[in-house]
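Trainee: Structure in structure tokens, see below.
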Amino acid sequence: MPYHRTWSMIRLLESKGAKPAGGGFFGRELAAVAQEGRCRILLSGAADTGLAAMVLGQTRPVGIEPEFVLIDRCETTVEQNRLFARSAGFALETHRADIRGCDCAPVQAVVAHSVLNFFDRSTRQQVVDSWARSLKPGGRLLLSQRLLSEKDQPRGPRGSAEIGRRLSTIEKAAVAAHFPAAAVAELKTAVEALWGEPLHEDRTTYSDLADMLKQSNLTIVGSEQHHTGKSVSPLAAADSVQTIPRYEIVAVRM
């Protein structure tokens, strides 16, 4: 599908390889659950290697060595993380699977980033249930997610001017990186196909999430709202996503 085909290139060329937002939040919370300098972490919503890189950059400088469990439906993402693990020298257990069917040994923390809206509303509870099931008693779900309030309006469709502007940015970056002309043209076609797909309008609200966490026996112990910060998602409607606050939420399995 266009999304899996183009994510890495858009993040590299448009966002210059930017890591997901919230590094400081994840670093602080992982330090709180680590034991004897180690922490077993389930990654949900990998952002190719972005999420692992972000966590690694926060934990290693303070003497915590992560042991990652990665579950992703995309074989490309799984293989990218295997290569990254060999290069950076960290422990990685991989499963090419849907997170809803997660069946791994318990973890101390689930790190989930911007993943809920990839699932239909009817199946999001299954995702949260899987996170809860993966945690040890006392383990923590650490979630970064843009959430609508009841009064917020869903984002509008991508405009042709926005698509044209972003395609131009990607083309210029690819040419500057000495991509062959045929590869630049193929990339533009693939990205244009991605952005031609309808945006997912049935987004999660804060109250939706609170209800799902409660049903999964996860108790919110921390919640902070951020109104700034650029999304690096290739699916984002860049001009409108800025109006949707990003939440950093900590929930504990009791």
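Residue numbers (numbering that gives the first Met the number 0): 0 to 253. Where a beta carbon is used, it is the ideal one built from N, C-alpha and C, also for glycine.
(1) Find out if the Cβ-Cβ distance for the pair PHE67, LEU91 is shorter than 8 angstroms.
(2) Please report how far the alpha carbon of VAL106 lies from the alpha carbon of LYS135, in whole angstroms.
(3) Please name the residue in CYS73, GLU74, ALA180 and ARG37 whose C-alpha comes closest to that of PRO60.
(4) Rounded to a whole number of angstroms, what is the C-alpha to C-alpha distance between ARG99 and ASP128?
(5) Using a threshold of 8 angstroms, state whether the C-beta atoms of ALA50 and HIS112 are closer than that.
(6) Is the beta carbon of ILE243 closer than 8 angstroms to that of ARG165?
(7) Please check the pair LEU141 and LEU217, which I expect to be a contact at CB under 8 angstroms, by giving their CB distance rounded to whole angstroms.
(8) On a Cα-Cα basis, can you pick out the residue from LEU42, MET53, ASP47 and VAL114 that is closest to CYS103?
(9) For LYS171, is the classification buried or exposed, using 16 other Cβ atoms within 10 angstroms of its Cβ as the cut-off for buried?
(10) Within the same chain, show all residues whose beta-carbon is closer than 7 angstroms to that of VAL77, passing over the 5 residues directly before and after it, in chain order.
(11) So is SER159 buried or exposed if we call it buried at 16+ other beta carbons inside 10 Å?
Mentor: Looking at the atomic coordinates:
(1) yes
(2) 6 angstroms
(3) ARG37
(4) 8 angstroms
(5) Sequence check: residue 50 is Leu here, not Ala. Going by C-beta atoms, LEU50 is nearer than 8 angstroms to HIS112.
(6) no
(7) In fact, because the Cβ distance is near 11 angstroms, the residues do not count as touching under 8 angstroms.
(8) LEU42
(9) exposed
(10) LEU69, ASP71, THR93 and ARG95
(11) exposed
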